[in-house]
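Visitor: Here it is: the structure, laid out below.
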Ligand SMILES: Nc1nc2c(ncn2[C@@H]2O[C@H](COP(=O)(O)OP(=O)(O)O)[C@@H](O)[C@H]2O)c(=O)[nH]1
Ligand SMILES: [Mg+2]
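In the numbering used here, the protein residues as written are 82 to 780.
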């Protein structure tokens with residue numbers, strides 16, 4: 082039996098810019114509802130959510146954390162998220178788990194970069210949204226203007242549910258706009274007037290109620306409550322509430338507002354896919370089939386791997402045998418855990434709507450689905466800030482590798498790759514700050530210290546025109562010889578093209594089959610007629626191609642966006658072998674590639690650079706010197722601006738240093754992958770001149 086009816090569960094992510102007071106609010110909400118009985122504060126490192134050593138040290142959230150409490154007969158699961166763009170991956174994961182995003186704004190700083198980012202992400206995810214104006218106790222707040230700004234930037238769906246009485250030192254409390262008390266002295270805007278507008282916009286979506294209202298009949302409380310939820314779900318209402326987390330003013334009202342406005346866990350329609358690809362609706366039914374998804378993974382020093390899971394349908398309990406999308410065989414579940422910050426607590430079961438965790442499920446990864454229906458993957462930004470890492474202590478290589486892979490498990494915006502040429506371990510994250518925190522964690526948790534340096538740029542080789550040719554591999558060494566001959570045509574295969582689009586009857590009239598390799602965006606088409614290459618040798622030919630893809634032809638970089646059609650060949654009854662055909666395939670590839678106008682692709686990244694306004698001009702002119710293109714500018718709160726630019730990665734590998742000298746240490750940036758583009762001729766020549774390709778010999 083579910084302990085809470087799914088309609089009584091509220092899942093909310095607190096998000097917004099850093100230093101808006103989110104983590105503090107969570108502590109206050111827990112204290113107010115009796116879920117927390119000890120004092121807690123981010124300032125002295127005792128908050129429930131910022132429990133990580135790095136979080137305590139830096140005094141800001143790095144990870145999303147989960148808490149729960151009860152209020153007004155409802156169960157709340159709250160996810161506190163980090164506010165800095167460097168850790169946006171955590172917020173994106175958290176948004177997948179909830180139905181409502183509560184976007185917290187620092188009343189003093191106003192709307193900031195990450196406020197806008199999360200507002201957009203939550204909208205994209207189809208979630209209900211609320212705005213919490215926090216820190217009403219700080220000085221110099223122009224409240225009417227802040228509200229106007231919010232409505233201008235986020236739309237007139239944003240409407241005040243309550244209004245502060247005073248601000249700064251004079252903040253006395255907040256009053257409801259829908260039901261203002263008789264004495265509203267000190268209110269920063271007229272609650273009754275705002276309330277009437279709000280009511281009219283709430284009931285707008287119901288014709289009956291609206292008609293009665295204009296006949297002089299007020300809607301009942303139940304009707305208003307129902308229409309608020311409908312409005313929030315539809316995005317036509319974004320309630321705003323005001324609070325001071327630190328002073329505890331407006332916290333009780335915030336709790337009530339969350340109970341009224343946050344969407345019930347069964348409100349949003351969700352869809353998933355069966356194994357055969359058919360799309361299905363997922364009703365939030367505790368008695369239905371299990372549908373659940375991991376949205377976060379944490380490696381805890383005590384319980385080890387912890388997978389945070391949102392259950393959409395069905396019920397989970399210990400020892401249930403469940404299909405996991407990331408494993409072939411069904412797995413037995415470990416005990417179901419509820420989570421309160423750093424603490425976990427085993428429960429008998431959990432059902433549709435709840436957010437829980439499972440420990441030690443090694444085959445579960447962030448994004449994985451549990452049950453026979455899979456949820457859509459979670460789209461994390463692709464990180465691009467790279468550093469090559471070597472352990473400070475010789476012999477720690479294996480230890481470092483294990484430690485780094487633990488972080489990869491936990492952080493979907495962090496990657497580790499081994500450079501096939503230099504054999505270096507390359508860490509890639511969202512920003513320098515992000516990588517710095519990874520290093521701190523490595524040192525604290527795994528006792529490995531690393532030296533870092535700039536990594537190589539991951540260029541890709543490609544072709545720009547069609548070419549054809551062949552290669553005959555023939556060798557007579559002592560007794561048995563080697564023989565294989567392969568004829569191919571090579572086509573540019575655009576990144577935007579799918580194998581299905583590309584493999585038309587017109588292009589490949591005698592195609593028998595094709596194989597598509599997603600990693601290299603490589604398409605291999607078999608048009609062999611009359612067995613000129615026997616079927617049993619074709620896999621060897623393909624292997625020859627794959628080796629070549631990884632090794633490159635012109636500058637030693639991986640190859641991509643190429644299609645090869647094998648259309649003819651020759652073999653010898655005695656001398657042909659897999660090895661011979663593999664070599665023939667690889668060499669044919671190399672020769673034809675050189676005829677097909679080879680070129681290099683370079684990664685372009687999207688940079689978000691935040692600097693004091695007066696440095697904007699310097700940043701923009703610096704950007705154009707780096708072959709960059711400024712895409713836009715945005716106020717980042719206070720006197721800061723964020724510039725978004727697209728620029729080749731090769732031009733910004735040491736950007737941190739330049740930015741620091743331009744801004745005197747006042748700037749920060751994040752970068753993520755944008756796309757690959759051809760390297761201009763002059764730059765191409767420079768790169769090729771620098772590469773020394775090994776002389777190749779047929780083996
Ligand atoms: N004056 C004031 N300070 C606050 C308030 N809420 C939080 N703070 C302080 O702001 C800082 C950042 O708070 P924190 O909860 O970590 O913000 P987060 O980054 O959004 O999680 C801390 O020093 C808090 O004590 C508030 O309502 N008023
Ligand atoms: Mg925080």
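For every residue, glycine included, the Cβ atom is placed at its ideal position computed from N, Cα and C.
1) In its own chain, which residues sit with a C-beta less than 6 Å from the C-beta of residue 217, not counting the 5 before and 5 after it?
2) Nearer than 8 Å: is that true of the beta carbon of residue 104 relative to any heavy atom of ligand 2?
3) Per the contact definition of three or more C-beta pairs closer than 8 Å, is the stretch 178 to 188 in contact with the stretch 202 to 209?
4) Whose CA, out of 120, 769, 99 and 665, lies closest to the CA of residue 614?
5) For residue 765, which residues in the same chain have their Cβ closer than 6 Å to its Cβ, ignoring the five residues on either side in sequence?
6) Is there at least one non-hydrogen atom of ligand 1 closer than 8 Å to the beta-carbon of residue 247?
7) Can you name the residues that DSSP bridges to residue 607?
8) On the criterion of 16 or more Cβ atoms from any shown chain inside 10 Å, does residue 250 qualify as buried, or is it exposed?
9) Are there 16 or more other CB atoms within 10 angstroms of the CB of residue 852, so buried, or fewer, so exposed?
10) Could you tell me the distance, in whole angstroms, from the CA atom of residue 725 to the CA atom of residue 759?
11) As a quick exercise: from 135, 668 and 589, pick the residue whose alpha carbon is nearest that of residue 623.
12) Does the distance between the C-beta of residue 532 and the nearest non-hydrogen atom of ligand 2 fall short of 8 Å?
13) Quick check on the DSSP output: the beta strand (DSSP E) that includes residue 393 runs from which residue to which?
14) Specify the secondary structure class of residue 584 as computed by DSSP and reduced to three states.
15) How big is the Cα-Cα spacing for residue 498 and residue 507?
16) Should residue 196 be labelled buried (16 or more other beta-carbon atoms within 10 Å of its own) or exposed?
17) What is the rounded straight-line gap between the Cα of residue 194 and the Cα of residue 441?
18) How many whole angstroms separate the CB atoms of residue 749 and residue 514, which I take to be in contact at a CB cut-off of 8 Å?
19) Residue 131: beta carbon under 8 Å from a heavy atom of ligand 1?
20) Can you tell me whether residue 168 is helix, strand or coil according to DSSP?
21) Does DSSP put residue 730 in a helix, a strand or coil?
22) How is the beta strand (DSSP E) around residue 187 delimited, first residue to last?
23) With distances taken Cα to Cα, identify the nearest neighbour of residue 120 among 137, 713 and 108.
24) Reducing DSSP to helix, strand and coil, say where residue 397 ends up.
25) Specify, as a first and last residue, the run of the alpha helix (DSSP H) that residue 765 falls within.
26) From which residue to which residue does the beta strand (DSSP E) around residue 239 run?
27) Considering Cα atoms alone, identify which of 522, 763 and 755 is closest to residue 136.
28) In whole angstroms, what is the alpha-carbon distance linking residue 122 and residue 730?
29) Pull up the CB-CB distance for residue 679 and residue 542, whole angstroms please, since I reckon it's below 8 Å.
30) Is it true that the CB of residue 625 sits closer than 9 Å to the CB of residue 599?
31) If distances are taken between C-alpha atoms only, which option among 148, 127 and 456 comes closest to residue 138?
32) By Cβ distance, which residues of its chain are closer than 6 Å to residue 547, with the 5 residues on each side in sequence left out?
33) How is the alpha helix (DSSP H) around residue 509 delimited, first residue to last?
34) Return yes when the Cβ of residue 751 is within less than 9 Å of the Cβ of residue 512, no when it is not.
35) If you measure from the CB of residue 100, is any heavy atom of ligand 1 nearer than 8 Å?
36) Taking the alpha carbon of residue 141 as the reference point, which residue from 173, 114 and 100 has its own alpha carbon closest?
Guide: Once the coordinates are examined:
1) By one-based count along the chain shown, residue 217 stands at place 136. Taken in chain order, the residues that qualify are 188, 245, 248, 252, 323 and 325.
2) Position 23 of the chain shown, counted from the start, is the residue given in the question as residue 104. It does: the Cβ of residue 104 is within 8 Å (strictly closer) of some heavy atom of ligand 2.
3) Output reads yes: the stretch 178 to 188 touches the stretch 202 to 209.
4) Here residue 614 refers to the residue found at position 533 of the chain shown. Considering only alpha carbons, the answer is 665.
5) Here residue 765 corresponds to residue number 684 of the chain shown, with the count starting at 1. Closer than 6 Å at Cβ, skipping near neighbours: 681.
6) By 1-based counting over the chain shown, the position of residue 247 is 166. No, the beta carbon of residue 247 sits no closer than 8 Å to any heavy atom of ligand 1.
7) Against the chain shown, residue 607 aligns to sequence position 526. Paired residues: 594 and 647.
8) In the chain shown, counting from the first residue as 1, residue 250 sits at position 169. Exposed.
9) Nothing about residue 852 can be reported from this structure: the residues present for the chain run from 82 to 780 only.
10) For this step, residue 725 is matched to residue 644 along the chain shown. For this step, residue 759 is matched to residue 678 along the chain shown. Those two C-alpha atoms are separated by around 21 Å.
11) Position 542 of the chain shown, counting from 1, holds the residue named residue 623. Comparing Cα-Cα distances from residue 623 to each of 135, 668 and 589, the minimum goes to 668.
12) Numbered from its first residue, the chain shown carries residue 532 at position 451. Flag unset: Cβ of residue 532 not near ligand 2.
13) One-based indexing of the chain shown puts residue 393 at position 312. Where residue 393 is concerned, the enclosing beta strand (DSSP E) stretches over 385 to 394.
14) As a working mapping, residue 584 is identified with position 503 in the chain shown. Coil at residue 584, not helix or strand.
15) As a position in the chain shown, residue 498 is number 417, starting the count at 1. As a position in the chain shown, residue 507 is number 426, starting the count at 1. If you take the alpha carbons of residue 498 and residue 507, they lie about 5 Å apart.
16) As a first step, residue 196 is located in the chain shown; it is residue number 115 there, counting from the start. Its Cβ being crowded by 16 or more others within 10 Å, residue 196 is buried.
17) For the purposes of this step, residue 194 is taken as residue 113 along the chain shown, with counting starting at 1. For the purposes of this step, residue 441 is taken as residue 360 along the chain shown, with counting starting at 1. Answer to the nearest angstrom: the Cα atoms are 37 Å apart.
18) Walking along the chain shown from the start, residue 749 turns up at place 668. Walking along the chain shown from the start, residue 514 turns up at place 433. Right, their Cβ atoms sit about 7 Å apart.
19) Within the chain shown, residue 131 is the residue found at index 50, counting from 1. Placement of the Cβ of residue 131 at a distance of less than 8 Å from at least one heavy atom of ligand 1 is found.
20) Position 87 of the chain shown, counting from 1, holds the residue named residue 168. Three-state DSSP puts residue 168 in a helix.
21) The count along the chain shown starts at 1 and reaches residue 730 at position 649. Look at residue 730 here: in three-state DSSP terms it is helix.
22) For the purposes of this step, residue 187 is taken as residue 106 along the chain shown, with counting starting at 1. Unbroken beta strand (DSSP E) run through residue 187: 181 to 187.
23) Within the chain shown, numbered from 1, the residue matching residue 120 stands at position 39. Cα-wise, what sits closest to residue 120 is 108.
24) Here residue 397 is taken as the residue at index 316 of the chain shown, counted from 1. It is a strand residue.
25) Here residue 765 is taken as the residue at index 684 of the chain shown, counted from 1. First-last of the alpha helix (DSSP H) with residue 765: 762 to 771.
26) Here residue 239 corresponds to residue number 158 of the chain shown, with the count starting at 1. Start and end: 239 to 241.
27) Residue 136 sits at position 55 when you count from the first residue of the chain shown. Comparing Cα positions, the closest option is 522.
28) Within the chain shown, numbered from 1, the residue matching residue 122 stands at position 41. Within the chain shown, numbered from 1, the residue matching residue 730 stands at position 649. One C-alpha to the other measures close to 40 Å.
29) Here residue 679 is taken as the residue at index 598 of the chain shown, counted from 1. Here residue 542 is taken as the residue at index 461 of the chain shown, counted from 1. Their Cβ separation, rounded to whole angstroms, is 6 Å, which keeps residue 679 and residue 542 in contact under 8 Å.
30) Taking the chain shown and counting its residues from 1, one reaches residue 599 at position 518. Taking the chain shown and counting its residues from 1, one reaches residue 625 at position 544. Cβ atoms of residue 599 and residue 625: not closer than 9 Å.
31) Locating residue 138 in the chain shown gives position 57, where the first residue counts as 1. Among 148, 127 and 456, the Cα nearest to that of residue 138 is on 127.
32) Along the chain shown, read from residue 1 onward, the residue named residue 547 stands at position 466. The residues are 572.
33) The residue you call residue 509 lines up with position 428 of the chain shown. From DSSP, residue 509 is part of no alpha helix (DSSP H) but of the beta strand (DSSP E) over 506 to 510.
34) For this step, residue 512 is matched to residue 431 along the chain shown. For this step, residue 751 is matched to residue 670 along the chain shown. In contact: residue 512 and residue 751 (Cβ atoms closer than 9 Å).
35) The sequence position of residue 100 within the chain shown is 19, counting from 1. Correct: residue 100 has its Cβ closer than 8 Å to ligand 1.
36) Mapped onto the chain shown, residue 141 falls at position 60. Nearest option by C-alpha distance: 100.
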